[in-house]
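Q: Numbering (my numbering), first residue to last: 258 to 485. All residues carry an ideal CB built from backbone N, CA and C; glycine is no exception. Because the structure is a prediction, the values reported are computed rather than measured.
In structure tokens:
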């Protein structure tokens, strides 16, 4: 929140959640205006913006030229990295709470204006939402650690998974690997109330490639990079 980019990104995330629920109140069928139906769509745009927050939290040290001060005050860089990762995870959890709160407001308004206003909600959906948002923000942070450059990290994060998804659809030989490595496919079941063992395995493999590997390599690079 100490830079305009980070602050306005947080504001945009909150406003986007509110706009999604408002649009559902206006245009969705009355029977579809339920708590779960308000909650799930609000996760998608936030899931696209949170990784950018994760990237900025890492790369701002270098783009704002504060790395020298930060690592002079805390020479053990791994402590700074862990603190940043913990901060973005807390931001992801806060975004889930925001979605829950805005969905509750939408449900109340729906009930008062003739919509369904039903409060049915599966607890598994909440766990899946937390996994979805935390994984997304950590993937963004991983790309930030790996590249240490804001524009490059944002473009790479948005472009590489998209290109892989398109190639996996077009090339028959890659259909099977894409089912394990395309996060667009492996995260989709998180919006349902239950995942089987195969779906969890596919999600785990895709996160190993797009989350764990960038973070590990990025941490090594950050620890060794000279601060000039």
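Does DSSP put residue 322 in a helix, in a strand, or in coil?
A: Here residue 322 refers to the residue found at position 65 of the chain shown. If DSSP states are grouped into helix, strand and coil, residue 322 belongs with coil.
Q: What residues in its chain sit with their C-beta under 7 Å from that of residue 309, if we drop five residues either side in the sequence?
A: By 1-based counting over the chain shown, the position of residue 309 is 52. Contacts found: 266, 397, 411.
Q: Could you have a look at residue 375 and say whether DSSP puts it in helix, strand or coil?
A: The residue labelled residue 375 in the question sits at position 118 within the chain shown. Reduced to three states, the DSSP call for residue 375 is strand.
Q: For residue 409, which of 278, 293, 316 has the nearest alpha-carbon?
A: What you label residue 409 is simply residue 152 of the chain shown in a count that begins at 1. Of the candidates 278, 293, 316, the one whose C-alpha sits nearest the C-alpha of residue 409 is 316.
Q: With a threshold of 16 other CB atoms inside 10 Å of the CB of residue 404, please say whether the residue is buried or exposed.
A: Sequence index remark: in the chain shown, residue 404 carries index 147 (1-based). So residue 404 counts as buried.
Q: Could you have a look at residue 260 and say whether DSSP puts it in helix, strand or coil?
A: Residue numbering aside, residue 260 sits at position 3 when the chain shown is read from its first letter. Three-state DSSP puts residue 260 in coil, outside helix and strand.
Q: Contact check, residue 313 vs residue 263 under 8 Å by CB: the rounded distance?
A: By 1-based counting over the chain shown, the position of residue 313 is 56. By 1-based counting over the chain shown, the position of residue 263 is 6. Yes, they are in contact, since the Cβ atoms of residue 313 and residue 263 sit about 5 Å apart, within 8 Å.
Q: Keeping to the same chain, check which residues put their C-beta closer than 7 Å to that of residue 260; ignore five residues upstream and five downstream.
A: Within the chain shown, residue 260 is the residue found at index 3, counting from 1. Around residue 260: 317, 321.
Q: Report the start-end ranges of each alpha helix (DSSP H) in the segment 382 to 442 that is 4 residues or longer and not cut off at the edges.
A: With a minimum length of 4 residues, the continuous alpha helix (DSSP H) runs that stay inside the segment 382 to 442 are 407 to 427, 432 to 438.
Q: Return the residue from the list 271, 402, 443 that minimises the CA-CA distance to residue 354.
A: On the chain shown, residue 354 is found 97 positions in, with the first residue counted as 1. It is 271.
Q: Report back the beta-carbon spacing between residue 391 and residue 346 to the nearest angstrom; my notes put them in contact at under 8 Å.
A: Along the chain shown, read from residue 1 onward, the residue named residue 391 stands at position 134. Along the chain shown, read from residue 1 onward, the residue named residue 346 stands at position 89. That pair is a contact at about 6 Å.
Q: Please classify residue 359: is it buried, with 16 or more other beta-carbons within 10 angstroms of its beta-carbon, or exposed?
A: In the chain shown, the residue the question calls residue 359 occupies position 102. Buried: at least 16 other Cβ atoms inside 10 Å.
Q: What's the C-alpha gap between residue 425 and residue 331?
A: Reading the chain shown from its first residue, position 168 is the one you call residue 425. Reading the chain shown from its first residue, position 74 is the one you call residue 331. About 43 Å.
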